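Going by our numbering, the first sequence opens with residue 29, and the numbers climb by one from there. Glycine included, every Cβ here is placed at the ideal spot set by N, Cα and C. Please read these numbers as outputs of a predicted model, since none were measured by experiment. Working notes, structure below.
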Amino acid sequence: MGFFFTESRKPDKHLKGLSPEFLRQHECNVCPLNELKDLQHPKMLPTGSKKPTVLMLGEAPGANEDKVGKQFIGKSGKIIRDRVPKEWEDKLRWSNSIRCRPPENRNPTTQELTCCRPLFERDILETKPKAIFGFGYYPLAQVVRPDTKYAQIGLWRGRRIPVDIEGHRCWYYPMFHPAYLIYERSKRKYIPEGEYGSEAEFAFELDLKRAFADLDDLPEPIIHTTEQATANVEIVDDVNRIATLLDEAAQQPSAGYDLETKGLRPYTNEAKILTASVSTKNRTFSFCLDHPQSIWSRLERKQIDVLMKRFLYESSCKKISHNLPFEMEWSAFFYGKGCLYEGRWEDTQSQAYLLDARRGALSLDFLCLQYFGVHLKEISGLDRKNLDKAPIKQVLTYNALDARYHRLLYLAQHKRIKSEGLIENYEHQLRRIPALVLAQMTGVPVDQSVVKTLKKKYTKRAEEAAAKIAKDESVLRFEEKKGRVFNPGSPQDVNYLIKEILKVEIESTEKSELAHIDHPIAKLIVQYREPTKNISTYIDSVSEGSENLYPDGMLHPTISTTTVITWRSSSEDPNIQNFPKHDDELKEVRSQIKSSDPNIVVVSIDYAGIQARNVAMESLDKNLVNAYWNNYDIHSDWRDRIVKRYPKWIPKSKLSDKEAMKGYRQLAKNKFVFATFFGAQSYTTSQGLEIPRNICEELREEFFDQFKDIEKWHKHLHKFYYENGYVTGLSGFRRRAPVSGTELINTPIQSDESIIVLDAMARLSELEDPRYQPALEVHDDLTFFWPKREVEKRLEVVVKEMVTIPFKWANVVPIEVEASWGPDWINMSKIGSFANNKWDGIVEIKGSM
DNA sequence: GACCCGAGCGCG
DNA sequence: AAAGCGCGCTCGGGTC
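Shown next, in the form of structure tokens:
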């Protein structure tokens, strides 16, 4: 039996010209597997209980199964059977989605799956199981028919889906295929006794355990038919009726709210809200705003704006959207930012993210399939990209359906949020959204004159490097041998050049690897890469003509709070969180980020060493906590301890060189102290510090002798994870299995960090004063664009808010921020460091960790 | 032409 | 055995 988890293993979609109906009708007679001569046991029948609670559904018989004529007796079958609780053994039925063994374990084809499906259906109707546990991709595809893009077992495992098989309704539990677990084990040379072969193996065990535990109290599966989904949608074309319905909705406890728009962002000249829809318990309706096919008179159109505004500002219902930042950004853009803090908004995508953060499974479409067994997008059959050209009635229906499922999904997920004890986390998540939407709307200024200068400068550099490369003798030899032009931007070409022409062994063509090569071409390639990367990633993306730059001359990067597995934010179009800051050759691109008004300056305030403080908060390590209160400099101390154990690390001549010793402190900090906090092993620290492995092992022991509770905390995380199936930080955030050992340590650090920073940002936004609204958030940093003469006054408010953290767990160590300012985003100088441990207004402190 | 993937590299 | 974590973007190189 194979394993079914990658794209390449999906069945081919060709039915060789035969319709699915035809294949279903003729079953085995038109099945290619029926032709096979060498099968020992073709058409293997299901076995086990005739009145089963669960149907255990595999993919197809394997070699062993075919030989003996019994199902689930091979290696994969054993993995499943070993995990069946005794009390369930006689309540199971065993079957495969394909009854004959495909030759040489090849994948079943769509044709074979379709032919076999009626056999499966008849068995279901005869035996009526309450649940199906399906192993791997093929049963999932055959039973649930998820859209191709969702057909990844890794996305579905750990969930349950209501399914309707020819009228029989039951729950489908997708699980990994055991063959995948065998494959994962096979990749490792050695697995210690008692350890899982992979995190997937732990997840598999967890899934099975939870699925069996579910059986005692299975609810009725809810499945919406297309008729139910589309029933009673009112398309409103009368303004008075819109007024009546909106006012009625405003009085309801909850209302789904959805907008269809021209474009994804409201900052373009063509941006329009095309239609809107609202769905309450009694009613689902939609109406036009600026759809080209709308029939409103100018007066009517104005009246609709008044009604929209009233609904957004004055309704007492919960306004529920899926991907709330979208509805908030458009609503605030057209009806004023004030509406973001009026009434109560809810976000079903945030709920879903809290319950299960897997990427790719947060769309309304996916969640409707999971919760209601309904293919939402299939019903509407609408091309979202050209909504302004689609028939208006279709757009309005589609719009209304979305609003309906916003509300239904909210109710379904709310129950689970509550029962999992995640209300507080959801409330925090909700507060992030208006804060980040307001940051998106605030925007980031770009000075196009700087952009032009830099583009010229880096283009010249790239050209110069390219010219030198073209003339290099090694490149000439490459071109002679290959018969084509050498491309310095192609890792493949570079790899060939270094290995086959220069005859130098390399592991990769990364900068660090090239640095070790004693040939001018290595340096030249880096000299070519740097300016080309700078141009394509950081200059072109902010220059006129880029889709990222809007008519207001600003960037409005999209910030997401439901993408990153650890609760951090992410930024795209462009990613403003990874602009060069350190490399002298590259960091100049930050000077593009600048107001054209010379009175406006950039002010950044970042949390000093927040992740290390998170380690102290999490572990409550006595020595680490005290270090913060007593200004003990861990990194200098450990620099000195490393030298003590390995004197060769720092040449004698440098021991009295203050600047050099600062550099070694930095090395000790990043390559040893922090790395060890985060779970790095001696192998890694040895590579980072470039000192022998055994010394690093000794150092590690010495380190955990000083910070005993950090090691304890690492162990606790491990234990908690295997007991509960997720890892959590002090904020209650959860990251669910599979999670690897080092991810276990990092996750609470990143999540608590993000809670602290984004809570501060939310509090600043809630002041509802644009002066204190950050324009950027970069993980430990909030950045503002302020009039120069206002900086001191505004800074006081912001700093105070940032260091006054409302979480008890955070205040076991002092919190410190560092502010800097300048005319642009790179030419910045330090204003000062401020901490809350000596709070007396703003206290500037000297010496930081 | 649209999509997918890995390599490489920027940030915290 | 593997060997801090988390992202987004661009390119080359491939497929359909």
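Evaluate contact between the segment 383-394 and the segment 169-188, counting only Cβ atoms and requiring at least three cross-stretch pairs below 8 Å.
yes
Just reading off the beta strand (DSSP E) that residue 182 is part of, what are its end residues?
First-last for residue 182: 181-184, but that is the alpha helix (DSSP H), not the beta strand (DSSP E).
Reduced DSSP category for residue 858 - H, G, I as helix; E, B as strand; rest coil:
strand
Given that a residue counts as buried once 16 or more other Cβ atoms are within 10 Å of its Cβ, and exposed if not, what is residue 520?
exposed
Can you check DSSP and say which residues form a bridge with residue 196?
193
Buried or exposed: where does residue 214 fall if 16 or more other Cβ atoms within 10 Å of its Cβ makes it buried?
exposed
Verify whether the separation of the beta carbon atoms of residue 753 and residue 764 is less than 8 Å.
yes
Quick check on the DSSP output: the beta strand (DSSP E) that includes residue 844 runs from which residue to which?
844-850
State buried or exposed for residue 172, treating a residue as buried only when at least 16 other CB atoms are found within 10 Å of its CB.
buried
Sheet register partners of residue 263 (DSSP bridge)
314
Short of 7 Å in beta carbon distance, which residues of its chain neighbour residue 837, apart from the five on each side in sequence? Order them along the chain.
645, 758
Check for me: the beta strand (DSSP E) holding residue 289 runs from which residue to which?
282-290
Kindly provide the ranges of any alpha helix (DSSP H) runs that are 4 or more residues long and lie completely inside the segment 50-104, ordered along the chain.
91-96
Quick one: what's got a C-beta closer than 7 Å to residue 678's C-beta in the same chain, skipping five residues either side?
671, 692
Would you report the Cα separation of residue 328 and residue 415, rounded to the nearest angstrom?
22 Å
In the DSSP assignment, what are the bridge partners of residue 473?
582
Please classify residue 47 as buried or exposed, where buried requires at least 16 neighbouring CB atoms within 10 angstroms.
exposed
Where does the unbroken beta strand (DSSP E) through residue 813 begin, and where does it stop?
809-815
Of the listed residues 565, 658, 839, nearest to residue 641 (C-alpha basis)
839
Let me know the alpha helix (DSSP H) ranges lying completely inside the segment 534-562, each 4 residues or longer, listed in chain order.
539-542, 548-561
Measure the Cβ-Cβ separation of residue 286 and residue 427 and say whether it is below 8 Å.
yes
I'd like to confirm the pairing. Which residues does DSSP put opposite residue 374 in its beta bridges?
348
Give, in chain order, every unbroken run of the alpha helix (DSSP H) that is at least 4 residues long and sits entirely within the segment 697-750.
702-705, 710-717, 721-734
Residue 251 and residue 192 - do their beta-carbons sit closer together than 8 Å?
yes
If you follow the beta strand (DSSP E) that residue 163 is part of, which residue opens it and which one closes it?
159-163
Where does residue 535 land, buried or exposed, given buried means 16+ other C-beta within 10 angstroms?
exposed
Could you tell me the boundaries of the beta strand (DSSP E) in which residue 635 lies?
628-635
With H, G and I counted as helix, E and B as strand and the rest as coil, what does DSSP make of residue 526?
helix
Counterpart residues of residue 306 in DSSP-defined beta bridges
285, 313
Leaving out five residues before and five after residue 768 in sequence, what residues of the same chain have Cβ atoms less than 7 Å from its Cβ?
227
What is the DSSP secondary structure of residue 36, counted as helix, strand or coil?
Summary for residue 36: the model assigns pLDDT 33, below 50, so the residue's position carries little reliability; its value from the coordinates is reported in the next sentence. If DSSP states are grouped into helix, strand and coil, residue 36 belongs with the helices.
Where residue 756 sits in the DSSP three-state scheme:
strand
Residue 201 bridges to which residues according to DSSP?
161
Where the beta strand (DSSP E) containing residue 447 begins and where it ends:
Element bounds for residue 447: not the beta strand (DSSP E) but the alpha helix (DSSP H), 420-447.
The alpha helix (DSSP H) with residue 657 in it runs from where to where?
650-657
Which residue wins for smallest C-alpha separation from residue 93, given the options 123, 118, 771?
123
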